[in-house]
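A.B. asks:
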Amino acid sequence: MTNDIDTTRRTLLTAGAAGLAVAGMTGGAQAQTANRLLEGQTVFITGAARGIGRAIAIAMADAGADVAAYDILTDIPDFPIPMATPEDMAETQAGVEAAGVQFRSYAGDIRDLDAQQAAHADADAALGPIGIVVANAGVNLNAGFLIEKPDTWSTAWETVTDVNIKGTAATLRATVPAMTARGSGRVIIVGSTFGRQGNASNPAYIASKWATQGMMKALAIEVGKQGVTVNTVNPTAVQTGFGGPRTQEQIDGSNAWLAANYHQLDVGLLQPEDIAGSTVFLASPGAAMITGTSIDVSAGAAARYTA
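Position in the sequence shown counted from 1, then plus 16, gives you my numbering.
So, in structure tokens, the structure goes:
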């Protein structure tokens with residue numbers, strides 16, 4: 017049953033984008049093309065070892081792209097939330113290779129520009145020119161302005177903003193120049209619905225995600241004439257290990273609150289696979305004229321935004 021569910025989910029992930037690209041084809045051509053929109057492309061994904069990053073890697077692979085996966089694979093000193101592990105990356109590799117594409121993985125901190133540049137150069141040589149970049153890696157730590165734990169406050173503002181802003185910028189710096197030199201490319205930054213509104217408990221994370229929205233806008237203006245599109249995908253709350261381990265009771269509470277108070281659709285926490293399809297679309301031929309904007313995968317939470 018699990019394999020059947022996984023196969024069905026994979027098919028659905030790329031169906032929306034596929035429709036644009038294969039309209040008008042005969043039935044046989046449609047069947048062959050629908051799920052391989054990105055055949056011959058190479059994607060570089062940060063934070064790819066688990067969660068949303070893994071789901072994106074597998075969805076891109078199912079669409080035909082070879083995958084270069086970058087993740088820290090060790091804990092951040094003095095940061096209380098566990099990071100992805102080599103075992104996590106092995107699971108991503110298995111999922112990607114099941115699609116019949118090539119895979120390479122790299123261990124490194126996204127704040128390390130030299131490490132990202134080296135990984136990009138290796139992947140570019142081994143897999144082919146990288147035409148798609150997904151800047152997905154990030155961290156979160158709840159620490160409101162009135163928190164009574166000064167160490168947690170400092171860690172939130174130092175590490176969360178450093179990783180999410182400087183690290184994302186380093187990813188773009190390491191990968192985009194090669195795209196502009198070739199005259200084409202797709203950049204997708206994974207933001208958050210919290211980069212579109214406020215929330216009381218985690219101002220450092222919210223500030224960092226507002227920053228990546230601005231980063232996307234600035235880069236889209238800078239590189240548009242060189243044939244590179246730049247957009248963000250903003251997920252609502254997703255069930256991952258991103259915020260650290262959670263009990264089933266906590267998960268159930270989140271599901272109930274989200275469905276009743278935040279989402280317009282009758283759903284709670286989304287799954288990572290629910291986010292991945294939008295990134296495949298933005299990398300696909302059907303999104304060639306979309307740049308400088310956001311897709312909110314918010315289960316309707318975005319309906320409350322002013323614009």
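Heads up, the beta-carbon is just placed ideally off N, CA and C, and yes, glycines get one too.
For Val296, which of Val192, Thr248, Thr171, Ile222 has the nearest alpha-carbon?
C.D. replies: With distances taken between Cα atoms, Val296 lies closest to Thr248.
A.B. asks: To the nearest angstrom, report how far apart Gly191 and Gln229 are at their CA atoms.
C.D. replies: What sits at residue 191 in the sequence shown is Thr, not Gly. Their Cα atoms are separated by approximately 18 Å.
A.B. asks: Please report the Cβ distance between Ala84 and Ala139, rounded to the nearest whole angstrom; I am assuming they are in contact, meaning their Cβ atoms lie under 8 Å.
C.D. replies: Contact holds; Cβ gap of about 4 Å.
A.B. asks: Assuming Gly172 and Leu188 make a contact with CB atoms under 8 Å, what is their CB distance in whole Å?
C.D. replies: Looking at the sequence provided, one finds Ala at residue 172 rather than Gly. Wrong, their Cβ atoms sit about 23 Å apart, outside the cutoff.
A.B. asks: Here's a check: name, in chain order, each residue in its chain whose Cβ is nearer than 8 Å to the Cβ of Ser310, leaving out the five neighbours to either side.
C.D. replies: Excluding positions up to five away in sequence, the list reads Gly207, Arg212, Gln229, Met232, Asn247, Thr248, Val249, Asn250.
A.B. asks: Quick check on the burial criterion: 16 or more other C-beta atoms within 10 angstroms. Buried or exposed for Thr42?
C.D. replies: Its pLDDT being 37, under 50, Thr42 is placed unreliably by the model, and the measurement read from it follows with that caveat. Counting Cβ neighbours within 10 Å, Thr42 comes out exposed, since fewer than 16 surround it.
A.B. asks: Can you name, in chain order, every residue of its own chain whose Cβ lies under 8 Å from the Cβ of Ala319, other than the five neighbours on each side?
C.D. replies: Excluding positions up to five away in sequence, the list reads Gln280.
A.B. asks: Give every residue of the same chain whose Cβ lies closer than 6 Å to the Cβ of Tyr221, excluding the five residues on either side of it in the sequence, and list them in chain order.
C.D. replies: Excluding sequence neighbours, Tyr221 sits near Asn156, Val176.
A.B. asks: For Ala65, tell me which candidate among Gln266, Ile306, Ala106 has the shortest Cα-Cα distance.
C.D. replies: Closest option to Ala65, Cα to Cα, is Ala106.
A.B. asks: Per DSSP, what kind of secondary structure is Ile68 in: helix, strand or coil?
C.D. replies: Here Ile68 sits in helix by DSSP.
A.B. asks: What residues in its chain sit with their C-beta under 6 Å from that of Asp125, if we drop five residues either side in the sequence?
C.D. replies: Closer than 6 Å at Cβ, skipping near neighbours: Ile88.
A.B. asks: By the 10 Å Cβ neighbour count, where 16 or more other Cβ atoms means buried, how is Asn180 classified, buried or exposed?
C.D. replies: Buried, since its Cβ has 16 or more Cβ neighbours within 10 Å.
A.B. asks: Using a threshold of 8 Å, state whether the C-beta atoms of Gly308 and Ile204 are closer than that.
C.D. replies: No. Outside cutoff.
A.B. asks: Below 8 Å on the Cβ atoms is my contact criterion, and I expect Met99 with Thr90 to pass it. Report the Cβ-Cβ distance as a whole number of Å.
C.D. replies: Met99 to Thr90, Cβ: 6 Å. Contact.
A.B. asks: When the Cα of Ser224 is compared with those of Asp178, Leu274, Ala79, which residue comes out closest?
C.D. replies: Answer by Cα proximity: Asp178.
A.B. asks: Leaving out the 5 sequence neighbours to the left and right, which residues in its chain are closer than 7 Å to Gln242 when beta-carbon positions are compared?
C.D. replies: Around Gln242: Thr196, Gly199.
A.B. asks: Could you check what DSSP says for Tyr321 in three-state terms: helix, strand or coil?
C.D. replies: Coil, per DSSP.
A.B. asks: First and last residue of the alpha helix (DSSP H) that includes Arg189?
C.D. replies: Taken as a continuous stretch (DSSP letters only), the alpha helix (DSSP H) holding Arg189 covers 184 to 198.
A.B. asks: Runs of 4 residues minimum, wholly inside the region 190 to 246: which ones carry the alpha helix (DSSP H) assignment?
C.D. replies: Runs found: 219 to 239.
A.B. asks: Find the nearest neighbour of Gln132 within the set Ser300, Asp282, Pro193, judged by alpha-carbon distance.
C.D. replies: If we check each option's Cα against that of Gln132, Pro193 comes out closest.
A.B. asks: List the DSSP bridge partners of Asn250.
C.D. replies: Beta-bridge pairing links Asn250 to Asp312.
A.B. asks: Could you please give the first and the last residue of the uninterrupted beta strand (DSSP E) stretch that includes Val150?
C.D. replies: First-last of the beta strand (DSSP E) with Val150: 146 to 151.
A.B. asks: Is it buried or exposed, Gly116, if we count other Cβ atoms within 10 angstroms and call 16 or more buried?
C.D. replies: Under this definition Gly116 is an exposed residue.
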